[in-house]
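Residue numbers (the numbering used here): 1006 to 1248.
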Ligand code: HEM
């Protein structure tokens, strides 16, 4: 506890502990909501008048950059964003699921063991959607940036996967949103508000008492590395990184 929050003995005006603590730092929140908006826009641009799918492709590249950013941020970012801090073993996740069903689940400041696996699944499926998009063609006017360097068999598979994964992605997003809303409305914590404000009520959390934010400079460096990695990777593979 610091000087501002420590109640001082012998004084009548002792400061009370701050009622809220940091749960999610700014880069984690910005990346999460930007990903949600971009995934929504990717769907919209595919179905509403984006002739030539230029916007859709820029959108897809931005999603890939964000996913790479989030992976890097999971190594060097704020304490609740780090994979090592929130990825539980399958047994641990099962144990947590049972405790939820019994109504005796412990409180987590960051992702709970089930939420941690959901995050990984979301990132993986969004990445799969983005990567297959690089190889997708409609055989008429639109080619993904790596279509010209890939074999016909893989292009056919990737184009089909890009359509199919979409439904899995929608299902996972629906599950993610429902779980978060249910937890926020009926559970002990308002997760949606916490992901918006970055704060949670001060309480007894089993993982961390308060999050340590990641460095903003490091976040910008991760974003730059992610952008160079995505555009540079496409160029190195012989594709055209700019749609
Ligand atoms: C396209 C849709 C979405 C995608 C791809 C997505 C993806 C993600 C990802 C990757 C995270 C992990 C954040 C991190 O640790 O960096 C996350 C967390 C979270 N998302 Fe979403 N999200 C989407 C939509 C939504 C919506 C609409 C809501 C609001 C109802 C929402 C509420 C949350 C909350 C509350 C968390 C924190 C969960 C926790 O504490 O375990 N998400 N989301």
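No residue lacks a Cβ here, since even glycine has one placed at the ideal position from N, Cα and C.
It should be emphasised that the depicted structure is a prediction, and the values quoted were computed from it without experimental measurement.
Item                                                                                                                    : Value
Segment contact flag, the region 1086 to 1097 with the region 1111 to 1123, C-beta cutoff 8 Å, min 3 pairs              : yes
Between the CA atoms of residue 1108 and residue 1232 - distance to the nearest angstrom                                : 43 Å
Inter-residue spacing [alpha-carbon to alpha-carbon] between residue 1219 and residue 1032                              : 8 Å
Residue(s) in a DSSP beta bridge with residue 1205                                                                      : 1026
Between the CA atoms of residue 1020 and residue 1014 - distance to the nearest angstrom                                : Confidence is the limiting factor: at residue 1014 the pLDDT is only 45, short of 50, which leaves the residue's position unreliable, though a coordinate-based value still follows. Using only the alpha carbons, I get a separation of about 10 Å.
Burial state of residue 1106, where buried means 16 or more other Cβ atoms lie within 10 Å                              : exposed
Any non-hydrogen atom of ligand 1 closer than 7 Å to residue 1064 Cβ                                                    : no
Residue 1035 beta carbon less than 8 Å from that of residue 1068                                                        : no
Spatial neighbours of residue 1174 in its chain, beta-carbon cut-off 8 Å, leaving aside the 5 residues before and after : 1044, 1130, 1131 and 1134
Outcome for residue 1191 when other beta-carbon atoms lying within 10 angstroms are tallied against a minimum of 16     : exposed
Residue of 1196, 1070 and 1146 minimising C-alpha distance to residue 1205                                              : 1196
Rounded separation between residue 1058 and residue 1147 - CA only                                                      : 7 Å
Limits of the unbroken alpha helix (DSSP H) element including residue 1234                                              : 1221 to 1241
Cα-Cα separation between residue 1065 and residue 1103, rounded to whole angstroms                                      : 37 Å
Sub-8 Å separation of residue 1099 and residue 1244 beta-carbons                                                        : no
Alpha carbon of residue 1177 to alpha carbon of residue 1024, nearest angstrom                                          : 34 Å
Any non-hydrogen atom of ligand 1 within 7 Å of residue 1116 CB                                                         : yes
Min CB distance residue 1130 to chain C below 8 Å                                                                       : Structure shown: chain C not included; a single protein chain is present.
Residues that residue 1142 bridges to, as DSSP identifies them                                                          : 1148
Near ligand 1: residue 1098 beta-carbon under 7 Å from a heavy atom                                                     : no
Reduced DSSP category for residue 1052 - H, G, I as helix; E, B as strand; rest coil                                    : helix
Given residue 1081 as reference, the closest of 1048, 1222, 1211 and 1123 once Cα atoms are compared                    : 1222
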